[in-house]
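Protein chains in written order, with the numbering used here: chain A, 226 to 394; chain B, 226 to 394; chain C, 226 to 394; chain D, 226 to 394; chain E, 226 to 394; chain F, 226 to 394. C-beta: ideal position from N, C-alpha, C; glycine also.
Number of protein chains: 6
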Amino acid sequence: MMEKPTGGEAAAGFTHFDAEGRAVMVDVSDKDITERTATARGSVFMRPETLALIMSGGLKKGDVLSVARLAGIMGAKRTPDLIPLCHPLALTSVKVDLTCDPERNAVDITSTCKLKGRTGVEMEALTAVSVAALTVYDMCKAVDRGMTIGDVSLLHKAGGKSGDYGTAP
Amino acid sequence: MMEKPTGGEAAAGFTHFDAEGRAVMVDVSDKDITERTATARGSVFMRPETLALIMSGGLKKGDVLSVARLAGIMGAKRTPDLIPLCHPLALTSVKVDLTCDPERNAVDITSTCKLKGRTGVEMEALTAVSVAALTVYDMCKAVDRGMTIGDVSLLHKAGGKSGDYGTAP
Amino acid sequence: MMEKPTGGEAAAGFTHFDAEGRAVMVDVSDKDITERTATARGSVFMRPETLALIMSGGLKKGDVLSVARLAGIMGAKRTPDLIPLCHPLALTSVKVDLTCDPERNAVDITSTCKLKGRTGVEMEALTAVSVAALTVYDMCKAVDRGMTIGDVSLLHKAGGKSGDYGTAP
Amino acid sequence: MMEKPTGGEAAAGFTHFDAEGRAVMVDVSDKDITERTATARGSVFMRPETLALIMSGGLKKGDVLSVARLAGIMGAKRTPDLIPLCHPLALTSVKVDLTCDPERNAVDITSTCKLKGRTGVEMEALTAVSVAALTVYDMCKAVDRGMTIGDVSLLHKAGGKSGDYGTAP
Amino acid sequence: MMEKPTGGEAAAGFTHFDAEGRAVMVDVSDKDITERTATARGSVFMRPETLALIMSGGLKKGDVLSVARLAGIMGAKRTPDLIPLCHPLALTSVKVDLTCDPERNAVDITSTCKLKGRTGVEMEALTAVSVAALTVYDMCKAVDRGMTIGDVSLLHKAGGKSGDYGTAP
Amino acid sequence: MMEKPTGGEAAAGFTHFDAEGRAVMVDVSDKDITERTATARGSVFMRPETLALIMSGGLKKGDVLSVARLAGIMGAKRTPDLIPLCHPLALTSVKVDLTCDPERNAVDITSTCKLKGRTGVEMEALTAVSVAALTVYDMCKAVDRGMTIGDVSLLHKAGGKSGDYGTAP
């Protein structure tokens, strides 16, 4: 093997590298099957007129929001295809919600994923939020190319050895 | 058809809805084949120690950054699978760059996509940035679950009837 | 949230909507792992000459039928990619059979899928039948564009809380 | 090669077999780039109460129909992944429409696909209809497992050497 | 059904054919859940100058090897999409290693996959090796089109009723 | 950017790295659209009894060979999903042939891919061969785990600026 070990320090904290600093999918064979849940959130910030357009449609058929919700749900299922070192998982639940906040000129997105399995589902929840946000951008870009996706972060996770994180929504 | 037209106003600005407010993939059959480029950016904000860990690895082998770069490139190719109303495209170029900014405790990501085709490639560039950002999160989450993905936005686009947007990088 | 609850009545019977009428992937986290099976069927109706062509090939190498059988098996595995609210599943068995019925000028397709898991596999069996039927159409369309796919339905399911349906084949 | 030629007759009419009766993807390298369109249709037949449930939801938010429409659009893009001998295509337009017909207790689906390319898009239109129909089944199966998908057929195609088929919708 | 049974002998040894000689996905519903591991290997043979180029890059950033490693890991996850009769699996571990052997002018690849499940993971390990090898070819083909991929074989498997094979690495 | 340029020499010959040694998808925007073809080959070596089993089946229905041929054709279409830096392509033709050679105890595979486009199709032909070979392994592994895939190489390519390679088959 041509690569030199990086020494303990550099790769120490990262579970996705082996002792020689090479990228690996973490071996979860010996982890317990427990209920895992994770909730992530994110926002799409836009001009007030763009949000008004979504909301006027939303009140009638909610199409931008419902297309984005569906894209987010389907995106969660594609996580192991997208994120190189994620395990393929049999998710038992995916929820994606989108709401409009006129005060912040934002569409706010949350996603909660669940699994009875050996590894956490944070990446699935974060991927669902990101794909939903990208879909909002896609559907509104003809009227507003200056939208920004931000605040994409983990709100809460539960289950597994590393324990809970954040506050349950 | 059970759905009522929304009237002109609601759906007017959105190209992804037809006259009756139903989601459609825009018909680009009659658009010209021109060179299209788009550049998007985004950032992953983290604790200083997390960035230091990436950079110490990065100086030697850059693994977090190079795994994320590859994931971004591959993610751009999956855009039509992820974003419901995006056209399948034969991208001619995808570039993804990641740099560390210790002053802002951020990994900054940019992606430029190109196509000789009938529709723009903004979504491909934004998807590349988002997938690269999610991959950074995945690889560092064991040491820092509080990272945030933000500032995901379009920097520049060129080509096509709607003309240029932003400043070429 | 911009969408109004629909009230109990409208969404009551549908498990794929939450109390506010939004599309969801059903949460199966608390369902038991049991053996689930489902059998679906469908037919491709065609001109007698087209069926004769399939059968004459079929007697020798059965290529139209064997290509369609394989496409159906592979299609069952793609179900969660295609049907937005289906769970990703680790199918333990997929069978697809195609037979020719000269009296009805039909290729008849059945598929049986199995899983030890938390949710039923009707959609996998129906998707296998549909993809096999589409493949028959594709392979024969140069000689007969008037073929029709019909009678796609669930013959039998077993396992899970909702109990059995139909008659085991 | 272990397989015997089937003689001219058996494989003659089928373009998806070579002279020796082996499955092939048709070589379209020398076909002209022309505008290709295809329209397909299909129906999901159900109990009157099930249709009433869709329609009452439909009048408010149309969720079953709009989820199925989106699944059909996305399904059209997956056609080359599903149908073994279909060419990968850069579709320029996909439309899917769903309407309720209380007299026939049916949800009727039509899809029109377009391409400027070297091969027809019948399979994309038929796949869009089939995936939309399967999605209707999935969303309503908790209240009605006896639904049937039928009448899936090509209404019209235009463009390419084989000329037009059927009547433009 | 148009196909004749082949008699016991022909299909006897193959588990992927039923009694009538038709391709099937083996039914593993009744197999026990045990820990399964498989290790496969393979090599890419090339001109000495090509290997030198990889190694000089490798010593600094190892890019050819690290891109190929990642591609191999992701490829293992796509196995059920590629190999028609493979079951979809929730792999718990995928490892891919690449080393340069200047004496044989070869890049040597090994992959070990793990699963707690009902079926073996040989195909996942072999697919990981093959995709990593193809990626090495892709990245070096501009300087050496004469490379050959060879010696792709199973080194070891453990778990399941058929017992162990080969020697654990 | 945290990575140091490698200097000209190291990355010079490789088109998949930029001046700073980072992996890139080659920009083909300015390449001409020409007819590109590529032919690759490979072999699966096995015990004589295994080959005899394939051939006895092959004489009747050729199932191992025809399943592998189909898998190879479908695999060619998945190339950009598998090989990180490959461009998405609209292949115009994919052919895969498998023959049995009892003297070498081998199944020999060749694949020819075609495209009118801006980049070569070697990787598509090599991927088709590899996926077909893996499928042969999968279908025969119950009787012979010692099979080896080898001699996977490019026989011929034509079209594009880099000119022809090898001899047309």
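Pick from the options that is closest to residue i, judged by C-alpha positions
| i | options | result |
| --- | --- | --- |
| F/Ser387 | F/Ala244, F/Thr262 and F/Thr324 | F/Thr262 |
| A/Asn330 | A/Gly342, A/Ile279, A/Ser318 and A/Ile258 | A/Ile279 |
| F/Val319 | F/Asp333, F/Lys256, F/Thr304 and F/Val332 | F/Thr304 |
| F/Met271 | E/Ala383, E/Asp376 and E/Pro394 | E/Asp376 |
| C/Gly345 | C/Gly267, C/Asp252, C/Ala244 and C/Ala248 | C/Asp252 |
| D/Pro309 | C/Val289, C/Asp322 and C/Thr240 | C/Val289 |
| A/Leu295 | A/Val368, A/Thr352 and A/Ala383 | A/Thr352 |
| D/Met299 | D/Ala383, D/Asp322, D/Arg247 and D/Val356 | D/Val356 |
Residue i versus residue j - alpha carbon distance
| i | j | result |
| --- | --- | --- |
| E/Thr324 | A/Gly385 | 35 Å |
| A/Gly238 | B/Val361 | 14 Å |
| F/Thr392 | D/Ser254 | 21 Å |
| C/Val292 | C/Val354 | 13 Å |
| F/His381 | F/Gly267 | 13 Å |
| C/Lys302 | E/Asp306 | 8 Å |
| B/Asp363 | B/Pro327 | 20 Å |
| B/Asp389 | B/Thr335 | 18 Å |
| F/Thr264 | B/Glu245 | 50 Å |
| F/Val368 | E/Ala383 | 16 Å |
| C/Met227 | A/Lys256 | Low local confidence applies: a pLDDT of 32 at C/Met227 is under 50, so the model's placement there is unreliable, with the coordinate-based value given in what follows. So the two alpha carbons sit approximately 41 Å from each other. |
| B/Arg247 | E/Arg247 | 44 Å |
| B/Pro394 | B/Asp322 | 12 Å |
| A/Arg343 | D/Gly297 | 34 Å |
Proximal residues to residue i (C-beta, below 8 Å), its chain only, five neighbours per side dropped
| i | result |
| --- | --- |
| F/Lys341 | Ile258, Thr259, Glu260, Arg261 and Thr317 |
| D/Lys366 | Met372 |
| F/Val249 | His241, Phe242, Asp243 and Leu310 |
| C/Ala395 | Because chain C spans 226 through 394 in this model, residue 395 of chain C falls outside it and cannot be assessed. |
| F/Gly282 | Asp288 and Val289 |
6 Å Cβ shell around residue i - same chain, five flanking residues per side excluded
| i | result |
| --- | --- |
| F/Val269 | Val332, Ala358, Val361, Met372 and Ile374 |
| D/Met348 | Thr304, Ile308 and Cys311 |
| F/Thr337 | Thr264 and Lys320 |
Close beta carbons around residue i, own chain, < 7 Å, minus the five adjacent residues each side
| i | result |
| --- | --- |
| B/Gly287 | Bear in mind that the predicted position of B/Gly287 carries a pLDDT of just 49, short of 50, making it unreliable; the figure below should be weighed with that in mind. For B/Gly287, where only same-chain residues beyond five positions count, there are no Cβ hits under 7 Å. |
| A/Leu284 | In this prediction, A/Leu284 scores a pLDDT of 40, lower than 50, which makes its location untrustworthy; the coordinate-derived value is nonetheless stated afterwards. So no residue of the chain qualifies. |
Distance cut-off 6 Å: residue i Cβ against heavy atoms of the ligand ADP
| i | result |
| --- | --- |
| C/Ala357 | Absence of the ligand ADP from the depicted structure is noted, as is the absence of any ligand whatsoever, leaving it without description. |
Next on the checklist: Using 8 Å as the cut-off, can you tell me whether the region 270 to 277 of chain A makes contact with the region 360 to 377 of chain A, which would need three or more C-beta pairs spanning the two stretches below that distance?
Outcome noted: A contact exists between the region 270 to 277 of chain A and the region 360 to 377 of chain A.
Checklist entry - So, do the region 310 to 325 of chain D and the region 309 to 316 of chain F have three or more beta carbon pairs nearer to each other than 8 Å? => result Put simply, the region 310 to 325 of chain D touches the region 309 to 316 of chain F. At least three CB pairs are less than 8 Å apart.
Item to check | Segments of 3+ residues assigned as beta strand (DSSP E) that fall wholly inside the region 326 to 379 of chain D | outcome: If we require 3 residues or more, the beta strand (DSSP E) runs fully inside the region 326 to 379 of chain D come out as 331 to 342.
Item to check | alpha helix (DSSP H) runs wholly inside the region 231 to 309 of chain C, at least 4 long, in chain order | outcome: The region 231 to 309 of chain C contains these whole alpha helix (DSSP H) runs: 232 to 237, 273 to 285, 288 to 302 and 304 to 307.
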